[in-house]
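Residue numbers (the numbering used here), protein chains in the order written: chain A, 6 to 141; chain B, 6 to 141.
There are 2 protein chains.
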Amino acid sequence: MIYVDDREDGKVLEMFAKTGLDVEVKRLKCGDYVCDELGVVIERKSIDDFCGSIMDGRLKSQADRMLEQYENCFVLIAGRIGDRKTEINENCILGMMSSLVMKGIHVVCLDNEEQLVFFMKRIFERFTEMNGGEKK
Amino acid sequence: MIYVDDREDGKVLEMFAKTGLDVEVKRLKCGDYVCDELGVVIERKSIDDFCGSIMDGRLKSQADRMLEQYENCFVLIAGRIGDRKTEINENCILGMMSSLVMKGIHVVCLDNEEQLVFFMKRIFERFTEMNGGEKK
Numbered sequence: 006m007i008y009v010d011d012r013e014d015g016k017v018l019e020m021f022a023k024t025g026l027d028v029e030v031k032r033l034k035c036g037d038y039v040c041d042e043l044g045v046v047i048e049r050k051s052i053d054d055f056c057g058s059i060m061d062g063r064l065k066s067q068a069d070r071m072l073e074q075y076e077n078c079f080v081l082i083a084g085r086i087g088d089r090k091t092e093i094n095e096n097c098i099l100g101m102m103s104s105l106v107m108k109g110i111h112v113v114c115l116d117n118e119e120q121l122v123f124f125m126k127r128i129f130e131r132f133t134e135m136n137g138g139e140k141k
Numbered sequence: 006m007i008y009v010d011d012r013e014d015g016k017v018l019e020m021f022a023k024t025g026l027d028v029e030v031k032r033l034k035c036g037d038y039v040c041d042e043l044g045v046v047i048e049r050k051s052i053d054d055f056c057g058s059i060m061d062g063r064l065k066s067q068a069d070r071m072l073e074q075y076e077n078c079f080v081l082i083a084g085r086i087g088d089r090k091t092e093i094n095e096n097c098i099l100g101m102m103s104s105l106v107m108k109g110i111h112v113v114c115l116d117n118e119e120q121l122v123f124f125m126k127r128i129f130e131r132f133t134e135m136n137g138g139e140k141k
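This is the structure:
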């Protein structure tokens with residue numbers, strides 16, 4: 006079972022629900038998409054969310070919480086750095102991305118939410134396969 | 006010391022040489038940028054290289070070689086999926102990205118070569134710090 010945070014964007018959640026994976030919505034303490042059996046947590050962000058969460062320090066604590074509780078941590082970003090509307094230096098963004106990577110978090114940037122949802126689907130499917138079964 | 010493959014693009018190599026890291030160019034058997042002391046290997050690709058190497062099967066063997074020889078493996082992609090000129094289905098690209106991630110390779114897509122070079126610089130610097138010193 007994949008739990009999705011009840012504050013997740015309605016449109017993205019709808020797309021994710023169509024992937025065929027078993028999904029339940031509830032309030033999560035950590036991450037936006039989690040599967041406890043697989044030890045997977047995903048924090049999904051638009052590029053502007055990502056920039057905002059660097060600036061207010063939220064990202065650092067979110068990352069630490071993910072790493073404390075899950076083995077396989079992902080920060081997935083939709084949108085390009087060049088498209089950001091947030092006033093933040095490009096090197097700060099790249100620096101934070103490298104810092105997350107160094108902590109062991111996978112940081113993957115996709116063009117848009119559609120790509121991101123498909124990528125999440127593949128990640129959950131592959132972890133399920135690796136885990137040897139149908140733990141949807 | 007960071008070794009760069011002698012087939013690396015001249016413009017990117019020139020940008021990387023300006024980062025101030027110690028660089029030597031030679032023919033590499035695996036990866037485009039490697040640091041043996043830090044156990045880091047980076048395969049740098051434009052989005053079209055990335056797509057091409059999925060289609061001809063090169064990427065899979067490159068990834069396997071990296072994983073055999075280095076602890077910290079990166080595939081860094083400049084350019085976004087939507088920018089590709091290669092005729093390959095978007096889901097194939099996303100599928101391959103998720104497959105590399107599942108093998109333990111960090112896959113990071115940046116907007117352009119400038120961002121990619123800065124990201125590489127930070128990665129090498131952080132591994133050096135983590136390793137406790139000035140192993141440039």
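For glycine and all other residues, C-beta sits at the position ideal for the given N, C-alpha and C.
Since the structure is predicted, the reported quantities are computational estimates derived from the model, not experimental observations.
> Nearest to F21 of chain A by CA position, among A:Q120, A:I52, A:T133, is which residue?
Replying inline: Taking the first sequence and counting its residues from 1, one reaches residue 21 of chain A at position 16. It is A:Q120.
> Contact between the region 61-78 of chain B and the region 91-99 of chain A: three or more CB pairs below 8 Å?
Replying inline: Short answer: they don't touch.
>> One question on the structure: do V2 of chain B and H111 of chain A come within less than 8 Å of each other, judged by their Cβ atoms?
In response: As displayed, chain B neither begins before 6 nor continues past 141, which places residue 2 of chain B out of reach and without an answer.
> Under 8 Å between C-beta atoms, does G137 of chain B make it to chain A?
Replying inline: As a first step, residue 137 of chain B is located in the second sequence; it is residue number 132 there, counting from the start. So no, G137 of chain B is outside the interface.
> List, in order along the chain, the chain A residues whose C-beta lies closer than 8 Å to that of I86 of chain B?
Replying inline: Taking the second sequence and counting its residues from 1, one reaches residue 86 of chain B at position 81. Going along chain A in sequence order, the residues near I86 of chain B (Cβ under 8 Å) are L115, D116, Q120.
> Can you pull the DSSP bridge partners for F79 of chain B?
Replying inline: Walking along the second sequence from the start, residue 79 of chain B turns up at place 74. Paired residue(s): B:I47, B:H111.
> What did DSSP end up calling L18 of chain A once you bin it into helix, strand or coil?
Replying inline: Locating residue 18 of chain A in the first sequence gives position 13, counting from the first residue. Of the three classes helix, strand and coil, the one that applies to L18 of chain A here is helix, per DSSP.
>> Does the CB of M102 of chain B have a neighbour CB from chain D at under 8 Å?
In response: No chain D appears in the structure shown, which is made up of the protein chains A and B.
> Which one of A:F129, A:M135, A:G138 has the shortest CA to CA distance from G25 of chain A?
Replying inline: Within the first sequence, numbered from 1, the residue matching residue 25 of chain A stands at position 20. Minimum Cα-Cα distance from G25 of chain A among the listed residues A:F129, A:M135, A:G138 corresponds to A:F129.
>> Please confirm whether N94 of chain B has its beta-carbon closer than 8 Å to some beta-carbon of chain A.
In response: The sequence position of residue 94 of chain B within the second sequence is 89, counting from 1. N94 of chain B is outside the set of residues whose beta carbon lies under 8 Å from a beta carbon in chain A.
> What's the gap between the Cα of V4 of chain A and the Cα of Y8 of chain B?
Replying inline: The question about residue 4 of chain A has no answer, for chain A in this structure spans 6 to 141.
> Any C-beta of chain B sitting closer than 8 Å to the C-beta of L43 of chain A?
Replying inline: As a first step, residue 43 of chain A must be located in the first sequence, where it is residue number 38. Not closer than 8 Å to any Cβ of chain B, the Cβ of L43 of chain A fails to qualify, so no.
> So, do the region 81-90 of chain A and the region 34-52 of chain B have three or more beta carbon pairs nearer to each other than 8 Å?
Replying inline: The region 81-90 of chain A is not in contact with the region 34-52 of chain B.
> Nearest-angstrom Cα distance between F123 of chain B and K23 of chain B?
Replying inline: On the second sequence, position 118 is the one that residue 123 of chain B refers to. On the second sequence, position 18 is the one that residue 23 of chain B refers to. If I take the Cα positions, the gap works out to 10 Å.
> In chain A, which residues lie less than 7 Å from M71 of chain B when you measure between Cβ atoms?
Replying inline: In the second sequence, residue 71 of chain B corresponds to position 66, counting from 1. Per Cβ cutoff of 7 Å: no residues; M71 of chain B is ~16 Å from chain A at best.
> Interface residues of chain B around I52 of chain A at Cβ under 7 Å?
Replying inline: Translated into positions along the first sequence, residue 52 of chain A becomes position 47. Those within 7 Å of I52 of chain A in chain B number zero; the least Cβ separation is about 10 Å.
> Do we get a CB-CB distance below 8 Å when we pair F124 of chain B with the residues of chain A?
Replying inline: Locating residue 124 of chain B in the second sequence gives position 119, counting from the first residue. By this cut-off, F124 of chain B is an interface position.
> Measuring CB to CB, does F132 of chain B end up less than 8 Å from L33 of chain B?
Replying inline: One-based indexing of the second sequence puts residue 132 of chain B at position 127. One-based indexing of the second sequence puts residue 33 of chain B at position 28. Cβ distance not < 8 Å, so F132 of chain B and L33 of chain B don't count as in contact.
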